[in-house]
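K.L.:
Residues in the sequence shown are numbered consecutively from 10, following the working numbering.
Ideal Cβ positions, reconstructed from N, Cα and C, are used throughout, including at glycine.
Model, not experiment: these values are computed from the prediction.
One structure, pasted below without further comment.
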Amino acid sequence: MSGPPAAPSRGHPIHKVANERPRVPRTIGGISDALHGSRRAQFFAELLQAQQGPELDGVMTAWWGRAMLDTDPDREHVRAAAEAGTLRTTTMDEILRRRQENTVP
10 MSGPPAAPSR GHPIHKVANE RPRVPRTIGG ISDALHGSRR AQFFAELLQA
60 QQGPELDGVM TAWWGRAMLD TDPDREHVRA AAEAGTLRTT TMDEILRRRQ
110 ENTVP
């Protein structure tokens, strides 16, 4: 495979549909299974210190995102493109413009 990852088709969602199972379940077990070594230890350290409620939710959300990135099948391709300076980027203005174009009136 060569070049940067292809941009999603216009008007098509980039997220999985609600009934599909995520690559990493959004559970303590799912997240810890996706992390390795010191990252798993850091996750548990933060988890054990968090109070139930928004603080715990924040830890789970942050680490779920990291676990999803760590298990991304295109991770090495994206890293190589970033290091080569060929990773496609965009601006917030462009993202907002696309969102407005795809909004159904």
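#1: Among 41, 104 and 46, whose alpha-carbon lies nearest the alpha-carbon of residue 56?
#2: Residue range of the alpha helix (DSSP H) that residue 31 falls in?
#3: For residue 73, which option in 61, 53, 104 and 90 has the closest C-alpha, if you only look at C-alpha atoms?
#4: Since residue 79 contacts residue 43 with CB under 8 Å, what's their CB separation in whole angstroms?
#5: Find out if the Cβ-Cβ distance for the pair residue 69, residue 33 is shorter than 9 Å.
#6: Give the single residue among 37, 96, 29 and 99 whose Cα lies nearest to the Cα of residue 71.
#7: In three-state DSSP terms, what is residue 74?
#8: Given a cut-off of 9 Å, decide if residue 75 and residue 48 are closer than it, judged by their beta-carbon atoms.
#9: Going straight from the alpha carbon of residue 109 to that of residue 103, what length do you get?
#10: To the nearest angstrom, how far is the alpha carbon of residue 64 from that of residue 50?
P.N.:
The relevant details are as follows:
#1: 41
#2: Counting along the chain, residue 31 falls outside any alpha helix (DSSP H), and DSSP gives it neither H nor E.
#3: 53
#4: About 6 Å separates the two Cβ atoms, so the contact holds.
#5: no
#6: 37
#7: helix
#8: yes
#9: In this structure, the straight-line span from the alpha carbon of residue 109 to that of residue 103 is close to 10 Å.
#10: 18 Å
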